[in-house]
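Okay, so here's the structure we're looking at.
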Amino acid sequence: MKTTTALRVASVASFLYFAGHTAGFPWTPSPADLTRAVVGPMRSSAFEVMGASRTYWDFYLGFGLTVSVYMLLASGLLWWLAGVARTDARGLRPVLIAFLVASVLQLGLVLRFFFVAPLICNVAVIVFLLLAIRGARAVPLAAAAG
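All letters in the sequence shown, in the order written, are residues 1 to 146 by my numbering.
Right under this line is the structure:
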């Protein structure tokens with residue numbers, strides 16, 4: 001598989017990961033009674049942090065939305081890198097390896113804390129990053145230069 005194609009597929013898988021994560025907002029999948037029992041105290045317990053009054057709910061939502069922003073950034077970068085791969089696939093290998101390392105670390109977190117949907121998206125990203133890295137290694141220098 002060509003590096004460009006593998007990165008486009010990784011980008012789409014990453015975007016689906018973002019879309020699924022964001023669609024779950026506010027990320028309270030438990031039954032309504034249990035959600036109220038947990039979320040109520042999170043919303044009602046405010047404390048001072050660096051001069052601002054915040055609750056655990058603020059942190060929960062803020063971190064969840066922050067994750068969405070970075071997931072969208074990752075999918076956009078992978079798409080952009082696919083275009084760059086047409087002219088310099090080999091030169092992208094360090095960046096692709098960094099994405100791969102982050103995705104493998106994320107996989108560990110998904111296995112520990114989450115469920116099958118993010119697992120599928122994460123594994124798809126990893127598989128297509130591996131294919132992209134493999135393809136980038138196989139590109140002859142003359143083909144990579146032009």
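Here a beta-carbon is modelled for each residue, glycine too, at the ideal position from N, C-alpha and C.
Ignore the nearest five residues each way along the sequence and tell me which others in residue i's own chain have a CB closer than 6 angstroms to its CB.
| i | result |
| --- | --- |
| A82 | T4, L7, R8 |
| A145 | The predicted position of A145 is uncertain, since its pLDDT is 48 and thus under 50; a value taken from the coordinates is nonetheless stated next. Cβ neighbours of A145 beyond the five flanking positions: none. |
| P118 | V110 |
| S14 | A74, S75, L78, V125 |
| T22 | S68 |
For residue i, which residues of its own chain have a beta-carbon under 7 angstroms away from its beta-carbon, when the five flanking residues on both sides are left out?
| i | result |
| --- | --- |
| A10 | L78, V125, F128, L129, A132 |
Looking at the structure shown, is residue i part of a helix, part of a strand, or coil, going by DSSP?
| i | result |
| --- | --- |
| S103 | helix |
| S11 | helix |
| A144 | For A144, the predicted model reports a pLDDT of 48, less than 50, meaning its position is unreliable; a value from the coordinates is still stated below. Correct three-state label for A144: helix. |
| W27 | coil |
| M1 | coil |
| A89 | coil |
| F115 | coil |
Can you say whether residue i is buried or exposed, counting buried as having 16 or more other CB atoms within 10 angstroms of its CB?
| i | result |
| --- | --- |
| M1 | exposed |
| F25 | exposed |
| G135 | buried |
| L96 | buried |
| L92 | buried |
| A85 | buried |
| M50 | exposed |
| F114 | exposed |
| F59 | exposed |
State the beta-bridge partners of residue i as determined by DSSP.
| i | result |
| --- | --- |
| R54 | F47 |
Would the segment 60–67 and the segment 14–28 be scored as touching if the rule is three or more Cβ pairs under 8 angstroms? With a cut-off of 8 angstroms, the segment 14–28 and the segment 60–67 count as touching, because enough Cβ pairs lie within range.
Spell out a yes or no on whether the segment 41–55 and the segment 96–107 are touching, meaning 3 or more CB-CB pairs, one atom from each, closer than 8 angstroms. With the cut-off at 8 angstroms, the segment 41–55 and the segment 96–107 do not touch.
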